[in-house]
Amino acid sequence: MDTGDLSEEAYDAVIIGAEKFHHDLTLQFGVMASDCKDESEYLKEALLLIKEFESYIEEAMDKIFYENTPEKSKFRTALKEIREATKEVQKMPLEKKTYIER
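Per the numbering used here, the very first residue in the sequence shown carries number 5; after that it's consecutive.
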């Protein structure tokens, strides 16, 4: 799938949430989409990626950020916000989600 296939709610939670923090983080979630078959799998994988980043925070920061490396505490906060927003989207019934052409 492509990030353009995500519901508006999922796109806002993950892609826009990451972009508000740092473009390099957005790239991580964008690339991941091509390995997923649908939004449900994408959201699960996004949460697993966040968990991995949180578990290996120093290594994740070295891997993700090419320049303008953020503070570790701000990175943790951003991951928490994206995680919480993603979990909210997972709870939404399909008929409540909005799909638009991107």
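We put the CB at the ideal spot given by N, CA and C, even for glycine.
Query                                                                                                                              : Result
Alpha carbon to alpha carbon, what distance is there between GLU43 and TYR70?                                                      : 28 Å
From what residue to what residue does the alpha helix (DSSP H) around GLU35 run?                                                  : Sequence inspection shows Val at residue 35; the Glu mentioned does not correspond to that position. Its alpha helix (DSSP H) spans residues 27-36.
So, are the CB atoms of GLU13 and VAL93 less than 8 Å apart?                                                                       : yes
Which word fits THR102, buried or exposed, when buried means at least 16 other C-beta atoms lie within 10 angstroms of its C-beta? : exposed
Quick check: what's the CA-CA separation for MET5 versus ILE104?                                                                   : 15 Å
If I follow the unbroken alpha helix (DSSP H) through SER77, where does it start and stop?                                         : 76-95
Does DSSP put MET5 in a helix, in a strand, or in coil?                                                                            : coil
Return the residue from the list ALA64, ILE20, LEU10 that minimises the CA-CA distance to CYS40.                                   : LEU10
Count the other CB atoms within 10 Å of the CB of LEU52; is the residue buried (16 or more) or exposed (fewer)?                    : exposed
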